[in-house]
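Student: Sharing a structure with you now.
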Amino acid sequence: MKLSIIVVSIAAICAGGGAALNEDVLKTRLKIPRPNIVWLAGGNGAGPLGMTAEEFYANGDKKTRSLVLSNVLNSRPSPVSLSRSIEAHWIEETGFSLPSGHAFAAMFFATFFLMLAATYLSFQKLWLFYALLPWALAVCYSRPILRVHTPMDITIGGLQGLLLGLLAWLVTRLLLRKFS
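Mapped onto this note's numbering, the consecutive letters of the sequence shown carry residue numbers 332 to 511.
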């Protein structure tokens, strides 16, 4: 029981710390707009958004920007043709773009749990953990398809997750050796 608490605690601390670093430090300092917002803004704010990307992001917090984007996307006639699920996702994701938090989280969990499994499980039980790799890549690949991230956002977020996942695995391994 004590060992599983160590594993869960390290995973939670590293994942939460990485997410906080992304959202509260990197994204707010870099201020890279999402590709869908740049596209909706058009040249000099002449697009369906009716303002530049910079003006959109000057609208305060994510909640306020979500409301602004919702009003634009739900106006009639609709300025763009989107499925309801993509429209809802665009309205939800109004923060800055770089790095991708989804790519970070997917690559972190895939790396951490695959390395942990490779260290402590037999080969016969390991196959399930290999499914984490295509899952993480699918998460990463979906973000540019949804137009909420660029390939650079995904690359940086994914590398960040990979490196922190390896670091978390190393720390976990050291602590498990010490306490087992």
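All C-beta atoms, glycine included, are put in the ideal place defined by N, C-alpha and C. These numbers were taken from a predicted model, which means no experiment stands behind them.
1) Have a look at G373 and A448 and give me their C-alpha separation to the nearest angstrom.
2) Classify L452 as helix, strand or coil using the three-state DSSP reduction.
3) What is the rounded straight-line gap between the Cα of T383 and the Cα of S431?
4) Could you tell me if A467 is buried or exposed, where buried requires 16 or more neighbouring beta carbons within 10 angstroms of its beta carbon?
5) With a Cβ-Cβ cutoff of 8 Å, do P379 and V403 count as a contact?
6) Short of 8 Å in beta carbon distance, which residues of its chain neighbour M483, apart from the five on each side in sequence? Order them along the chain.
7) According to DSSP, is E424 part of a helix, a strand, or is it coil?
8) I believe R396 touches T359 by the beta-carbon criterion, under 8 Å. Please report the beta-carbon distance rounded to the nearest angstrom.
9) Could you round the C-beta distance between T503 and I337 to whole angstroms and report it? I think they count as a contact, below 8 Å.
10) To the nearest angstrom, how far is the alpha carbon of L490 from that of H433?
11) Pull up the distance between the alpha-carbon of R365 and that of V411, whole angstroms please.
12) Under three-state DSSP, which class holds D392?
13) By the DSSP assignment, the alpha helix (DSSP H) with P366 in it spans what residues?
14) Does the beta-carbon of Y461 have 16 or more other beta-carbons within 10 angstroms, so that it is buried, or is it exposed?
Tutor: Based on what the coordinates show:
1) 47 Å
2) coil
3) 22 Å
4) buried
5) yes
6) L429
7) coil
8) No, R396 and T359 are not in contact; Cβ-Cβ is about 13 Å, not under 8 Å.
9) 7 Å
10) 12 Å
11) 17 Å
12) coil
13) P366 to A372
14) exposed
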